[in-house]
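A.B. asks: In the working numbering, the protein residues as written are 121 to 375.
Glycine included, C-beta positions come from ideal geometry on N, C-alpha and C.
Handing you this structure, nothing more for now.
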C-alpha cells in the first residue's frame with residue numbers, strides 16, 4: 121500500500137511539472153479571434169456555450185445538422201509554438217452527443233499550413249472507434265493524394281471523456297489515450313497479418329517505408345468536426361473543453 125501511494129504521489133508530481141505551451145478553456149465566454157481562425161463550409165455551426173461543459177462555465181460546441189453534406193466547422197490555431205514544430209502532446213475534454221455517423225469523421229488535427237488543403241495528422245472516428253490517420257491532401261505533382269489510416273478502440277459516446285494525444289513528425293507517429301488508457305490500433309505486420317500496436321506509424325507515399333517528416337513541420341492545430349461520405353443521417357454535436365498542448369504529456373486538468 122505504501123509503495124502504491126508513493127508511486128501515485130510521484131505520478132501526480134510529474135503531471136504538476138508539465139506546463140502547457142498553449143491552453144484554451146473558453147472561460148472568456150467567446151472565441152478569441154487573436155488565437156483561432158474559423159474555417160467552415162456548409163451548414164455546421166460553432167459557438168461557445170454554457171449548457172454542456174466539462175469544467176468551469178463555458179465550452180465549445182460544434183453542431184452538425186441532419187442531412188449535412190460537404191460540411192465542416194473547425195477552429196484552427198495557425199501559429200503553433202516553435203517548440204511544437206516536430207513533436208508535441210495535447211489533451212482536450214470531448215463530448216459527442218449522441219454519436220458520430222458511421223462514416224469517417226474528423227475531430228482533431230495538426231499539420232502544415234492551409235488546412236483543408238494540406239498535409240496533416242488527424243484523430244478521427246469511424247464506426248464509433250478512434251481512427252488515427254495521416255492525410256495527404258496537398259501533394260507534389262505526380263505523387264497523388266490519399267491517406268494512411270489505423271483503427272483503434274471504441275470512443276465513449278454521449279458523455280465527457282479525456283482525449284490525449286502525441287503527434288510526432290520524425291518519425292511520423294500518433295499515439296492516443298482515452299480517459300488515461302492507451303488506445304491500441306490495428307496494423308499489418310511484415311507478413312501482412314493484423315496486429316495490435318500502441319503507436320500508429322504512418323508511411324507515405326503509399327507502398328514505401330518512408331515515415332520521416334511527412335507533414336514537414338506542424339504549423340497549425342485544430343479542433344472541430346468534418347463528416348465524410350454522404351449526408352449525415354442524424355444531427356449531432358461535439359463539445360470541446362480545456363484544450364492544452366505541451367512538450368510532455370499533460371494529463372487531466374488539475375482541480
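By DSSP, does residue 339 sit in helix, in strand, or in coil?
C.D. replies: Taking the chain shown and counting its residues from 1, the one referred to as residue 339 is at position 219. Three-state DSSP puts residue 339 in coil, outside helix and strand.
A.B. asks: Look up residue 217 in the DSSP assignment and say whether it is helix, strand or coil.
C.D. replies: Taking the chain shown and counting its residues from 1, the one referred to as residue 217 is at position 97. Three-state result, residue 217: strand.
A.B. asks: Count the other CB atoms, across all protein chains shown, that sit within 10 Å of the CB of residue 353; report buried if there are 16 or more and exposed otherwise.
C.D. replies: Translated into the one-based positions of the chain shown, residue 353 becomes position 233. Exposed, because fewer than 16 other Cβ atoms sit within 10 Å of the Cβ of residue 353.
A.B. asks: Mapping the DSSP letters down to three states, classify residue 174 as helix, strand or coil.
C.D. replies: Locating residue 174 in the chain shown gives position 54, where the first residue counts as 1. Three-state result, residue 174: coil.
A.B. asks: Taking the DSSP output, what are the residues bridged to residue 274?
C.D. replies: In the chain shown, the residue the question calls residue 274 occupies position 154. Residue 274 is bridged to 249.
A.B. asks: Name the DSSP bridge partner or partners of residue 285?
C.D. replies: As a working mapping, residue 285 is identified with position 165 in the chain shown. According to DSSP, residue 285 bridges with 210 and 296.
A.B. asks: So, using beta-carbon positions, are residue 285 and residue 210 closer together than 8 Å?
C.D. replies: Stepping through the chain shown from its first residue, residue 285 is reached at position 165. Stepping through the chain shown from its first residue, residue 210 is reached at position 90. Yes; because the gap between Cβ atoms is below 8 Å, this pair is in contact.
A.B. asks: Return the CA-CA distance between residue 265 and residue 254, expressed in angstroms with no decimal places.
C.D. replies: As a working note, residue 265 is residue 145 in the chain shown. As a working note, residue 254 is residue 134 in the chain shown. For residue 265 and residue 254, the distance between alpha carbons rounds to 11 Å.
A.B. asks: Contact defined as beta carbons within less than 8 Å: I believe residue 191 pairs with residue 164. What is the distance between those atoms, to the nearest angstrom?
C.D. replies: Numbered from 1 along the chain shown, position 71 holds the residue referred to as residue 191. Numbered from 1 along the chain shown, position 44 holds the residue referred to as residue 164. About 5 Å; that satisfies the 8 Å criterion.
A.B. asks: Considering just the uninterrupted stretch of the beta strand (DSSP E) at residue 224, what are its terminal residues?
C.D. replies: Locating residue 224 in the chain shown gives position 104, counting from the first residue. Note, residue 224: premise wrong, no beta strand (DSSP E); not H, not E.
A.B. asks: Figure out for me which residue from 292, 316 and 275 has the closest Cα to the Cα of residue 109.
C.D. replies: Outside the modelled stretch of the chain, which goes from 121 to 375, sits residue 109, for which no answer is possible.
A.B. asks: Check for me: the beta strand (DSSP E) holding residue 169 runs from which residue to which?
C.D. replies: Walking along the chain shown from the start, residue 169 turns up at place 49. Run containing residue 169: 165-169, per the beta strand (DSSP E) assignment.
A.B. asks: Find the nearest neighbour of residue 323 within the set 373, 313, 307 and 203, judged by alpha-carbon distance.
C.D. replies: Here residue 323 refers to the residue found at position 203 when the chain shown is read from its first residue. Ranking 373, 313, 307 and 203 by Cα distance to residue 323 puts 307 first.
A.B. asks: Return the CA-CA distance between residue 372 and residue 296, expressed in angstroms with no decimal places.
C.D. replies: The sequence position of residue 372 within the chain shown is 252, counting from 1. The sequence position of residue 296 within the chain shown is 176, counting from 1. C-alpha separation (whole angstroms): 14 Å.
A.B. asks: May I ask you to list the residues that DSSP assigns as paired with residue 333?
C.D. replies: One-based indexing of the chain shown puts residue 333 at position 213. Per DSSP, none; premise fails for residue 333.
A.B. asks: Quick check on the burial criterion: 16 or more other C-beta atoms within 10 angstroms. Buried or exposed for residue 235?
C.D. replies: Working through the chain shown from its first residue, we reach residue 235 at position 115. The residue is buried, with at least 16 neighbouring Cβ atoms inside 10 Å.
A.B. asks: Check whether the region 242-250 touches the region 186-201, taking contact to mean three or more Cβ pairs, one atom from each stretch, closer than 8 Å.
C.D. replies: Taking 8 Å as the limit for Cβ pairs, the verdict is that the region 186-201 does not touch the region 242-250.
A.B. asks: Determine the direct distance from the alpha carbon of residue 212 to that of residue 287, and round the result to whole angstroms.
C.D. replies: As a working mapping, residue 287 is identified with position 167 in the chain shown. As a working mapping, residue 212 is identified with position 92 in the chain shown. If you take the alpha carbons of residue 287 and residue 212, they lie about 14 Å apart.
A.B. asks: List the residues that DSSP assigns as beta-bridge partners of residue 379.
C.D. replies: Residue 379 lies beyond the range of the chain shown here (121 to 375); nothing can be said about it.
A.B. asks: Quick test of your reading: residue 239 and residue 232, contact by CB under 8 Å. State the CB separation rounded to the nearest angstrom.
C.D. replies: Against the chain shown, residue 239 aligns to sequence position 119. Against the chain shown, residue 232 aligns to sequence position 112. Confirmed, about 5 Å.
A.B. asks: Here's a check: name, in chain order, each residue in its chain whose Cβ is nearer than 7 Å to the Cβ of residue 364, leaving out the five neighbours to either side.
C.D. replies: Here residue 364 refers to the residue found at position 244 of the chain shown. Excluding residues within five positions, the ones whose Cβ falls inside 7 Å are 140, 142, 143, 210, 211 and 370.
A.B. asks: By how many angstroms is the C-alpha of residue 309 removed from the C-alpha of residue 169?
C.D. replies: As a first step, residue 169 is located in the chain shown; it is residue number 49 there, counting from the start. As a first step, residue 309 is located in the chain shown; it is residue number 189 there, counting from the start. Using only the alpha carbons, I get a separation of about 45 Å.
A.B. asks: On the CB-based measure, 16 or more other CB atoms within 10 Å of its CB, does residue 375 come out buried or exposed?
C.D. replies: In the chain shown, counting from the first residue as 1, residue 375 sits at position 255. With fewer than 16 other Cβ atoms within 10 Å, it is exposed.
A.B. asks: How is the beta strand (DSSP E) around residue 363 delimited, first residue to last?
C.D. replies: Looking up residue 363 in the chain shown gives position 243. It spans 356-366 - the beta strand (DSSP E) in which residue 363 sits, taken as one unbroken run.
A.B. asks: Give me the Cα-Cα distance between residue 227 and residue 294, rounded to the nearest whole angstrom.
C.D. replies: Here the question's residue 227 lines up with position 107 in the chain shown. Here the question's residue 294 lines up with position 174 in the chain shown. For residue 227 and residue 294, the distance between alpha carbons rounds to 14 Å.
A.B. asks: Can you tell which of 367, 368 and 361 has its C-alpha closest to the C-alpha of residue 147?
C.D. replies: If you number the chain shown from 1, residue 147 lands on position 27. Among 367, 368 and 361, the Cα nearest to that of residue 147 is on 361.
A.B. asks: DSSP three-state label for residue 242, please.
C.D. replies: By one-based count along the chain shown, residue 242 stands at place 122. The answer is strand: DSSP assigns residue 242 an E or B state.
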